[in-house]
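K.L.:
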Amino acid sequence: MIENGTKNKKALHIEDLSKNFGGLNILDQLSMSVTPGERRAIIGPNGAGKTTLFNVISGELKACKGSISLFGEEVIDMPNHQRARRGLARSYQKNNLFLNLSVLDNLALVLQRKHNHEGNWFKHRSPKAFPLLYKEAESFLESWNLAKKSHVKVAELSYGEQREIEILLGVAADPKILLLDEPTAGMSVAETQHMLRFLENFPVDMTMLIIEHDMEIVFGLADRITVLYYGKVLAEGTPEEIRADSRVREVYLGSEVSEKYA
Ligand SMILES: Nc1ncnc2c1ncn2[C@@H]1O[C@H](COP(=O)(O)OP(=O)(O)OP(=O)(O)O)[C@@H](O)[C@H]1O
Ligand SMILES: [Mg+2]
């Protein structure tokens, strides 16, 4: 049990978290903590429970047991929009963009939600609010050097660009902690390298948890790595410690990968 003083200093603190599906323990008394500003990679074999962990942290799935606190506040019983209001944002393993809308329109929808404290997307808004919303969206895209993509329909962007826009929509909500589920899934080597440079430029005070199978991203970005195996933390440590961990080599990385990133 971690004492309260330590817990309050954490961006995320999870204790004894369990989630069952049909009698199977997908998350099994899992505990972990992430420090503010940290970039934490979550790795592990397919089916280890990584996405389930994100679903339970974000509140899309209800935990069976345990505690989750964000910046010292218990959120386990809160619905997802209340957790979002406390600074949590996430992206998904698959894109969730409106393909037939422009980049700017997709962004304006996110900003509308950010400014709407009821969390209701479809609440009537005064048309006077829209120019301001679009102005904010335009200056956000400019600050990310994406002004030239503003009016491009999302469906016309490359897959890699769509993934980056999806992640930026999470950043536009100005989160204190961002969960990224396999941002490079399905990407080419060049797109993956572009994504790495893109993520490296994120605000340094934003806490980031990133699920990844691409070791270039994991070892290029993470301050610390948590290895999940059958819903439990198998190992946790710096990239050097994880690379050298014989259990991690055995169940996931393999010695080739460990040596490549040594
Ligand atoms: N809604 C659900 N109902 C039943 N079982 C589920 C559900 N969601 C996930 N599971 C099961 O939980 C286990 C963990 O799935 P999860 O998606 O969390 O794994 P993962 O570590 O993200 O894997 P991957 O690397 O393939 O994305 C899997 O065996 C999966 O089949
Ligand atoms: Mg997954």
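Numbers 271 to 532, taken from this note's numbering, label the letters of the sequence shown in order.
No residue lacks a Cβ here, since even glycine has one placed at the ideal position from N, Cα and C.
In this text the structure is predicted, and so the values were computed from the model without any measurement.
By how many angstroms is the C-alpha of G430 removed from the C-alpha of A460?
P.N.:
9 Å
K.L.:
Quick check: the stretch 435 to 444 against the stretch 348 to 364, are at least 3 beta-carbon pairs closer than 8 Å?
P.N.:
yes
K.L.:
Using a Cβ-based criterion (distance less than 8 Å to any ligand heavy atom), does E452 qualify as near ligand 2?
P.N.:
yes
K.L.:
Since K537 contacts V326 with CB under 8 Å, what's their CB separation in whole angstroms?
P.N.:
The structure shown has nothing for residue 537, since the chain only spans 271 to 532.
K.L.:
Quick one: does the C-beta of K280 sit closer than 8 Å to a heavy atom of ligand 1?
P.N.:
No, Cβ of K280 sits at least 8 Å from all heavy atoms of ligand 1.
K.L.:
In terms of DSSP beta bridges, what is T477 paired with?
P.N.:
I447
K.L.:
At 3 residues or longer, what runs of the beta strand (DSSP E) sit wholly inside the stretch 320 to 382?
P.N.:
335 to 340 and 358 to 360
K.L.:
Please write down, chain order preserved, every residue whose beta carbon lies under 5 Å from a heavy atom of ligand 1.
P.N.:
F291, I296, N316, G317, A318, G319, K320, T321 and T322
K.L.:
Which two residues bound the contiguous alpha helix (DSSP H) that contains T462?
P.N.:
V459 to E470
K.L.:
Once the 5 residues before and after K320 are set aside, which same chain residues still bring their CB inside 7 Å of it?
P.N.:
Cβ neighbours of K320 beyond the five flanking positions: I312, G314, I481 and L498.
K.L.:
Mapping the DSSP letters down to three states, classify S516 as helix, strand or coil.
P.N.:
helix
K.L.:
Is M465 near P473, with beta carbons less than 9 Å apart?
P.N.:
Going by C-beta atoms, M465 is not nearer than 9 Å to P473.
K.L.:
Hey, out of E308, L297 and N316, whose CA is closest to D484's CA?
P.N.:
Of the listed residues, the one whose Cα sits closest to D484 is N316.
K.L.:
For V497, report the span of its beta strand (DSSP E) as first-last.
P.N.:
R494 to Y499
K.L.:
Tell me, to the nearest whole angstrom, how far the beta carbon of A587 is from that of A378; I am working on the premise that it is less than 8 Å.
P.N.:
The structure shown does not extend to residue 587, since the chain spans only 271 to 532, so no value can be given for it.
K.L.:
Within its chain, find whatever has a CB closer than 6 Å to the CB of F368; leave out the 5 residues flanking it on each side and keep chain order.
P.N.:
Result list for F368: N376, in chain order.
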